[in-house]
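Residue numbers (our numbering): 5 to 256.
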């Protein structure tokens with residue numbers, strides 16, 4: 005469903021969910037609704053509860069990251085590198101690790117580089133960071149160079165060359181510290197959920213859990229987030245809503 009801002013997409017979704025339950029097409033716990041922000045998630049939940057009362061509490065309304073958290077909490081025991089009692093590190097927590105590892109370079113630049121490289125594990129379907137960096141330099145060199153700009157917007161070629169040669173070691177050390185602290189960063193939520201859902205049995209469990217899947221604000225969804233949720237598309241009824249003119253990701 006394509007609709008511009010202010011045209012009532014959220015209300016239309018909530019009405020559709022209410023009708024699904026009223027007509028007994030699905031139970032509340034068989035409905036999944038995903039959106040981009042915590043604010044939108046809260047608004048959707050409130051709309052549904054106002055229409056359905058307590059029954060609306062059983063509908064799963066999540067952001068993409070919180071849905072990935074649910075998957076990892078439930079299925080993470082299948083991965084030896086995910087602690088059962090893991091915690092989520094926010095940007096400040098991650099910056100403290102980067103301060104330990106930055107090798108004299110700008111911590112802000114190192115964080116940008118990590119946030120550029122780690123999600124490519126999903127795009128390239130590999131955790132070989134050396135291979136990822138090589139591919140990035142070959143196909144998207146400008147993006148890597150942008151992350152290496154100093155406060156004067158000049159490319160720090162010492163940093164750039166260091167990332168090409170040893171960037172994979174830095175990220176592996178960063179991940180190792182996260183693991184020692186039983187922590188995941190926001191990128192790890194997506195990477196681990198994607199990795200778990202590649203397993204046929206796990207994919208079937210989560211795909212069969214929901215008869216109806218709704219994705220709101222799809223224009224704000226990255227390709228890698230879509231790759232994760234599309235793992236659940238099987239015999240489900242899927243409705244996707246968005247506004248093309250508010251797109252923040254260019255999908256080529």
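We put the beta carbon where it would ideally sit given N, CA and C, even for glycine.
Please read all numbers here as calculations on a predicted model, not as lab measurements.
Would a C-beta distance cut-off of 8 Å place residue i and residue j closer than the cut-off?
i, j, result
"residue 244", "residue 194", "no"
"residue 128", "residue 147", "no"
"residue 17", "residue 45", "no"
"residue 258", "residue 191", "Since the first and last residues shown for the chain are 5 and 256, residue 258 lies out of range."
"residue 32", "residue 62", "yes"
"residue 219", "residue 227", "no"
"residue 86", "residue 205", "no"
"residue 68", "residue 221", "no"
"residue 22", "residue 55", "yes"
On the DSSP letters alone, give me the boundaries of the alpha helix (DSSP H) that residue i sits inside.
i, result
"residue 233", "227 to 233"
"residue 36", "From DSSP, residue 36 is part of no alpha helix (DSSP H) but of the beta strand (DSSP E) over 35 to 39."
"residue 65", "Per DSSP, residue 65 belongs to no alpha helix (DSSP H); it is in the beta strand (DSSP E), 64 to 67."
"residue 138", "133 to 143"
"residue 42", "42 to 56"
Residues in the same chain with beta-carbon distance under 8 Å from residue i, minus the five sequence neighbours each way, listed in chain order, please.
i, result
"residue 152", "113, 117, 159, 160, 161, 163, 164 and 167"
"residue 124", "136, 139 and 140"
"residue 90", "76, 80, 186, 187 and 188"
"residue 240", "211, 214, 215, 216 and 217"
"residue 149", "159 and 164"
Return yes when at least one heavy atom of the ligand MG lies under 7 Å from the C-beta of residue i, else no.
i, result
"residue 177", "The ligand MG is absent from the structure shown, which contains no ligands of any kind."
Name the DSSP beta bridge partners of residue i, please?
i, result
"residue 172", "Answer is none; residue 172 lacks a bridge partner."
"residue 243", "218"
"residue 153", "159"
"residue 187", "91"
Can you round the beta-carbon distance between residue i and residue j to whole angstroms, since I take them to be within the 8 Å contact cut?
i, j, result
"residue 34", "residue 216", "7 Å"
"residue 182", "residue 101", "7 Å"
"residue 157", "residue 105", "Wrong, their Cβ atoms sit about 24 Å apart, outside the cutoff."
"residue 83", "residue 200", "7 Å"
I'd like the list of long-range same chain contacts for residue i, defined as Cβ closer than 7 Å, with 5 residues on each side in sequence excluded.
i, result
"residue 99", "111 and 115"
"residue 236", "210, 211, 214 and 217"
"residue 15", "51"
Cutting at 6 Å between CB atoms, please list the residues of its own chain near residue i, excluding the five before and the five after it.
i, result
"residue 60", "52 and 53"
"residue 203", "none"
"residue 134", "172"
"residue 238", "211"
"residue 19", "none"
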